[in-house]
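Report on the structure given below.
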Amino acid sequence: MRLIVYLALALNLAACGPAKDDIDPTAEWSVERFYSEARNELAKKNYLTAIEYYETLESRFPFGKYATQAQIDVAYAYYKFNEPDSAITALDRFIKLHPRHPSVDYAYYLKGLSNFGRGGTILDVLVERDLSAFDKNLMLVAYNDFKLLLQRFPGSRYAVDAKKRMIYLRDELAKADFETARFYASREAWVAVANRTRFILQNYQGSSVIQSTLELQLEAYRQLEMEELARDTRLIIELNYKSGS
540 MRLIVYLALA LNLAACGPAK DDIDPTAEWS VERFYSEARN ELAKKNYLTA IEYYETLESR
600 FPFGKYATQA QIDVAYAYYK FNEPDSAITA LDRFIKLHPR HPSVDYAYYL KGLSNFGRGG
660 TILDVLVERD LSAFDKNLML VAYNDFKLLL QRFPGSRYAV DAKKRMIYLR DELAKADFET
720 ARFYASREAW VAVANRTRFI LQNYQGSSVI QSTLELQLEA YRQLEMEELA RDTRLIIELN
780 YKSGS
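Numbering follows this note's numbering, with no gaps: position 96 of the sequence shown is 635.
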């Protein structure tokens, strides 16, 4: 009887012990091991696992070069995992904590990329070449991120690509405003059309919609019977776009 009691007690104690599934395989990892494993998972595009390793690394080893690097690497992992909001939060934190870090220019650049692709459907939009329907505010935020990078780090290795993206975004912002002007025209809101086309011409010279904007502006002035302004706009069109016809 006593043997049965002892056996039952032993089984009960075993049941109260840690289950195999509850054992943390990373419990004995060094900071170097954590960083190496996180980098490996990132290279294999296992972004969620990489994020987990980077965040655990920083929580267990909050000081030193590995923790600092993990803060920016986890932002890249979030960016690749299509979690731009989390990436931007991580990047803002990195920039605040390490304003003089050698990689802070990269943090600004990655922040621009994250805002550029915010919303999760940017690739589809780019394929369709219809970014004018995309959120203009997010395009502006991305544009300003790249602009800030160029202002603070004009010699950055990321400056050339940032400039190209700014040119692209500027053209898309012009398209977005042009689509708005066309919408006003469809409603015969000619004062709004005139104002919007004027804004485009003042802010987006050199963009791909300038000729179309001038033609729409000409129509608005005609509808509003603003003959002098219509004549000026028509002259600009003839001088710049009709000379070869």
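For each residue, glycine too, the CB sits at the ideal point set by N, CA and C.
| request: May I have the straight-line CA-CA distance separating Ile590 from Tyr605, to the nearest angstrom? | output: 14 angstroms
Margin query: Is the separation between the beta-carbon of Tyr682 and that of Ala713 shorter than 9 angstroms?
Written below: no
### Task
With DSSP as the reference, label Met765 as helix, strand or coil.
coil
_Please report the straight-line C-alpha distance between Asn579 and Leu687, rounded to a whole angstrom._
32 angstroms
Given Phe722, which residues of its chain have a CB within under 6 angstroms of its CB, disregarding the five upstream and five downstream residues? none
- prompt: Is the beta carbon of Pro623 sitting closer than 9 angstroms to the one on Ser653?
  reply: yes
Item to check | Coil, strand or helix - Asp563 by DSSP | outcome: Asp563 carries a coil assignment under DSSP once its states are collapsed to helix, strand and coil.
- Put Trp568 into one of helix, strand or coil per three-state DSSP. coil
- Closer than 6 angstroms by C-beta to Gln756: which residues in its own chain qualify, once you throw out the five before and the five after it? Chain order, please. Thr736, Thr772
query: Which term fits Leu630, buried or exposed, when burial requires 16 or more other beta carbons within 10 angstroms of its beta carbon?
result: Buried.
With distance defined between alpha-carbon atoms, name the residue in Ile634, Ala566, Phe655, Ser751 nearest to Asn621. Phe655
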